[in-house]
Amino acid sequence: MSLTPVWHLLHLAGVVVWVGGMHFAHMCLRPAAAELLEPPARLRLLRRIFDRFLPWVAVAIGAVLASGGAMFSRALDGTTPHAALSVMAFAGLAMTVVFLRIRFAPYPALCRAVDAEDWKLAGVRMATIRQLVLLNLMVGWFTIIVATVGRLAG
212 MSLTPVWHLL
222 HLAGVVVWVG
232 GMHFAHMCLR
242 PAAAELLEPP
252 ARLRLLRRIF
262 DRFLPWVAVA
272 IGAVLASGGA
282 MFSRALDGTT
292 PHAALSVMAF
302 AGLAMTVVFL
312 RIRFAPYPAL
322 CRAVDAEDWK
332 LAGVRMATIR
342 QLVLLNLMVG
352 WFTIIVATVG
362 RLAG
């Protein structure tokens with residue numbers, strides 16, 4: 212039995228959690244929170260959301276990298292153009308670096324600022340996270356497009 216369908220499932224599940232979560236948070240949750248909540252409540256909420264979301268993203272990244280690596284190593288069968296595979300691999304690694312940047316720099320600083328009730332600094336850290344999430348969201352959607360078009364072209 213081939214493991215390819217299992218790798219595809221793991222890969223797709225990881226992408227759905229990661230890119231879908233970013234899309235929901237950036238395009239829906241954040242604007243609604245900004246409309247309805249004052250900065251202290253909004254920043255506390257967003258901090259708690261990241262407390263829960265970032266571990267899920269770490270698991271999703273593990274699934275995407277493991278499954279992507281397994282599929283990349285078997286890609287010599289010609290089902291996906293090599294250029295598309297290279298773009299997907301590079302984009303996935305770049306997104307991982309951006310995630311690590313969020314996780315180990317502005318996120319801990321956001322947590323410290325929220326805990327200290329330094330709302331101005333917390334807002335600055337949240338703005339940095341928002342920009343990095345938007346960058347990763349754009350790269351994620353670009354990668355989905357490349358993956359789809361690469362499949363269709365193959």
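Under the numbering used here, the first residue of the sequence shown carries the number 212, and numbering increases by one thereafter. Every residue gets a Cβ at the ideal spot worked out from N, C-alpha and C, and that includes glycine.
Check your understanding: Are the Cβ atoms of Ser278 and Leu221 separated by less than 7 Å?
Key -> yes
Check your understanding: In whole angstroms, what is the alpha-carbon distance linking Leu276 and Gly303?
Key -> 8 Å
Check your understanding: How far does the alpha helix (DSSP H) with Glu246 in it reach, from first residue to last?
Key -> Arg241 to Leu247
Review point. Is Cys322 closer than 7 Å to Ile258 when the C-beta atoms are compared?
Key: Checking the displayed sequence, the identity of residue 258 turns out to be Arg instead of Ile. Yes; because the gap between Cβ atoms is below 7 Å, this pair is in contact.
Review point. Alpha helix (DSSP H) containing Arg312: first to last residue?
Key: His293 to Phe315
Point to revise | Beta-carbon proximity list for Leu345, same chain, < 7 Å, skipping 5 on both sides | key: His237
Check your understanding: Which stretch, first to last residue, makes up the alpha helix (DSSP H) that contains Arg259?
Key -> Pro250 to Ser284
Review point. What separation, rounded to the nearest whole angstrom, lies between the Cα atoms of Ala281 and Trp330?
Key: 44 Å
Point to revise | Short Cβ contact (7 Å threshold) for Ile313 with Ile340 | key: yes
Practice item. Return the CA-CA distance between Ala294 and Thr354, expressed in angstroms with no decimal places. Key: 12 Å
Check your understanding: With Ala245 and Arg253 assumed to form a contact (beta carbons below 8 Å), what rounded beta-carbon distance in angstroms separates them?
Key -> Rounded, the Cβ-Cβ distance is 7 Å, consistent with contact.
Point to revise | Cutoff 8 Å; reference Ala305; Cβ partners in own chain excluding five residues on either side | key: Val350
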